[in-house]
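Number of protein chains: 2
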Amino acid sequence: MNPLHLSSQLCFPFYAISKEIIKRYRPLLAPLNLTYPQYLVMLVLWEKDFVTLKSIGERLQLDSGTLTPLVNKLISTGYIEKTRNPEDERQLVIKLTESGQQLQQQAKEIPAKITEVLGLDEEEYARYKEMLDELACKLEVKGGKC
Amino acid sequence: MNPLHLSSQLCFPFYAISKEIIKRYRPLLAPLNLTYPQYLVMLVLWEKDFVTLKSIGERLQLDSGTLTPLVNKLISTGYIEKTRNPEDERQLVIKLTESGQQLQQQAKEIPAKITEVLGLDEEEYARYKEMLDELACKLEVKGGKC
DNA sequence: TAAAATTAAATTGTGCACAACTTAAATATA
DNA sequence: TATATTTAAGTTGTGCACAATTTAATTTTA
């Protein structure tokens, strides 16, 4: 077992599976005019509206260099708006538009469709999910359960 | 348990952990003048030299739009060379330079350093690896063990 | 064997991802 | 309370990732 072989790496299946899962999201998200990272931002906002760019970034592990253009895209698509916090003008406060709120109804079908296209049953899904949450804790990846 | 919550998604920990792992590779690969995707290409070539661009792409699940500029970067760094297969001029054959072969010696330290910075013991590493390989099979992600 | 279909790379364009830096606002401290 | 420090976004530049298209070589088939 050569540790320099691709098949010995833990990193590679993560990289490959992550890309594969995002690929399977693409046709489901395209009708909503969303990319996968944009969908993540919408998930955060559907959980809690009126949040700062900074807090979205902490949740998704993305910096302003990624989020600023991404948020501008979502604004031009019409799903969100940005204002400044009057008590701290540095902070950008993101809120859903009417259209962004309504989109949640369409998006509700996506989780079920995804488990379908991944071809995993409920038990498998839960087992993988648990293992990943555990590893996320170990690696201290924020936005998770610990 | 709202299925539209970020914390319910299988995709997100994959996305976040994958980015986190790549982030931890970065300082280890920087002294070798490699990015993570470039390191993956080198891993493939250290396993088997003189392979086509197409076969590298199949192994890593990357298309020519990604690989062509990446390979050109590795050429300008001096680790690989490209020639055409004289029996089929469409095919690009990639081979390691002297420098690219020597790099393997330095790279041999990386797997051990990575397990160290990930903070996983051998048992944990093996357990996660097994589960990922299993999922890769289920999702029919090529380049894996099935 | 000439035309059609297929294949391998390359090209073009969009959208992340992130490092490094800049700008402006708020807070801390001398 | 001026000055220094910190903080939140924004900007710039590099490097993937991938869809869609183009180009050129090879193979198929009419």
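As they're listed, the protein sequences go chains F and D. Going by UniProt numbering, the first sequence runs without a break in its numbering and finishes at 146. Going by UniProt numbering, the second sequence runs without a break in its numbering and finishes at 146. Even glycine gets a Cβ: it sits at the ideal position worked out from N, Cα and C.
N-terminal and C-terminal residue of the alpha helix (DSSP H) that residue i is part of
| i | result |
| --- | --- |
| D/Asn72 | 64-77 |
| D/Lys54 | 53-60 |
| D/Arg48 | It should be pointed out that residue 48 of chain D corresponds to Lys in this sequence rather than to Arg. Neither: D/Lys48 is in no alpha helix (DSSP H) and is coded neither H nor E. |
| F/Ser18 | 11-29 |
Residue i and residue j closer than 9 Å at C-beta
| i | j | result |
| --- | --- | --- |
| F/Phe50 | F/Val117 | no |
| F/Gln38 | F/Leu62 | no |
| F/Leu82 | F/Leu53 | Per the sequence shown, the amino acid found at residue 82 of chain F is Lys instead of Leu. Cβ distance < 9 Å, so F/Lys82 and F/Leu53 count as in contact. |
| F/Phe14 | D/Ile114 | no |
| D/Met42 | D/Ala107 | yes |
| D/Leu10 | F/Leu132 | yes |
Residue range of the unbroken beta strand (DSSP E) whose run includes residue i
| i | result |
| --- | --- |
| residue 156 of chain D | No information on residue 156 of chain D is available, as it lies outside the stretch 1 to 146 that chain D covers here. |
| D/Glu81 | 80-85 |
Helix, strand or coil at residue i [DSSP, three-state]
| i | result |
| --- | --- |
| F/Lys95 | strand |
| D/Glu140 | coil |
| F/Asp88 | strand |
| D/Cys3 | Sequence inspection shows Pro at residue 3 of chain D; the Cys mentioned does not correspond to that position. Note: D/Pro3 maps to coil in three-state DSSP. |
| F/Leu135 | helix |
| F/Leu40 | helix |
| D/Leu34 | coil |
Problem set entry | Interface residues of the stretch 107-123 of chain F facing chain D [CB-CB below 9 Å] | The residues in question are Ala107, Lys108, Ile110, Pro111, Ala112, Ile114, Thr115, Leu118, Gly119, Leu120.
Exercise. Which of the residues in the stretch 1-19 of chain D, read from start to end, lie with their CB under 9 Å from any CB of chain F?
Worked result: In summary, the residues of the stretch 1-19 of chain D whose CB is separated from some CB of chain F by less than 9 Å are Asn2, Pro3, Leu4, His5, Leu6, Ser7, Ser8, Gln9, Leu10, Cys11, Phe12, Pro13, Phe14, Tyr15, Ala16, Ile17, Ser18, Lys19, in the order they occur in the chain.
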